[in-house]
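In our numbering, the protein residues as written are 20 to 247. See structure below.
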Ligand SMILES: [Zn+2]
Ligand SMILES: [Zn+2]
């Protein structure tokens, strides 16, 4: 399985950047995790047309290009599977249309694309948000979606090969109201999980990751490709 980071910024994209969008591939099937602003341009640079899009939650920095992607699909007479929570939001209504084949994410959902098996677990973030576990060829990738530190994330992270975590906020900028992990929390989760590597993502524009807190973790960047 190969993970390619097409966008890794939270909130809004910086110059030449892009919001959350991660491509996972087993070499035959291609699936996107989230599709924030800038995702389609990055997708076109990769030359890949994914068979499915999975939205961890329906905040704009994870969904905005999924709205625009409808036009690409319509104009090219394609359809695409779309997985998302049913949170009753107006954003969901916009996306709950053809050319998407819409599927609902719940605690019990699983999805299979080629050798990749996707399962979901609820995480702690305003509204409904799901973390995603992807198993393929005996390897395990866990994506937090957007989340504060929570028990379900700790449980699902155990034994992962790669953790892709929303933990770019430095501890000094983090409060009880911040809807994301701080970097120290993400690194502590990585160490306790036994995971081989941590990728820190959801980078906030104008708020650099604290290199001391990051302590051996990988900091995401657009175009990064990791074989798992
Ligand atoms: Zn976000
Ligand atoms: Zn969010």
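Backbone N, C-alpha and C define an ideal beta-carbon position, used for all residues, glycine too.
- For residue 165, the shortest C-beta to heavy atom distance toward ligand 2 is below 7 angstroms.
- Rounded to the nearest angstrom, the gap between the Cα atoms of residue 137 and residue 223 is 27 angstroms.
- Distance from the C-beta of residue 76 to the nearest heavy atom of ligand 2 is below 7 angstroms.
- Along the length of the segment 88-145, whole alpha helix (DSSP H) runs at least 4 residues long occupy 109-114, reported in chain order.
- Closest by C-alpha distance to residue 194, out of 216, 168, 214 and 180, is 168.
- Residue environment: residue 127 is assigned as exposed (fewer than 16 neighbouring CB atoms within 10 Å of its CB, all protein chains considered).
- At least one heavy atom of ligand 2 is found less than 7 angstroms from the C-beta of residue 144.
- Non-local C-beta neighbours of residue 203 in its own chain, meaning closer than 8 angstroms and more than five positions away in sequence, comprise 190 and 232, ordered along the chain.
- Annotation for residue 49: the continuous beta strand (DSSP E) segment containing it runs 49-52.
- Secondary structure of residue 155 (DSSP, three-state): strand.
- Taking C-beta atoms as the reference points, residue 181 and residue 216 count as a pair closer than 8 angstroms.
- Note that the segment 129-136 touches the segment 148-168; at least 3 beta-carbon pairs, one per stretch, sit closer than 8 angstroms.
- For secondary structure counted as the beta strand (DSSP E) over 3 or more consecutive residues, the segment 144-204 holds these complete runs in sequence order: 149-155, 158-162 and 181-185.
- Within a 10 Å sphere around the beta-carbon of residue 64 sit fewer than 16 other beta-carbons, which makes this residue exposed.
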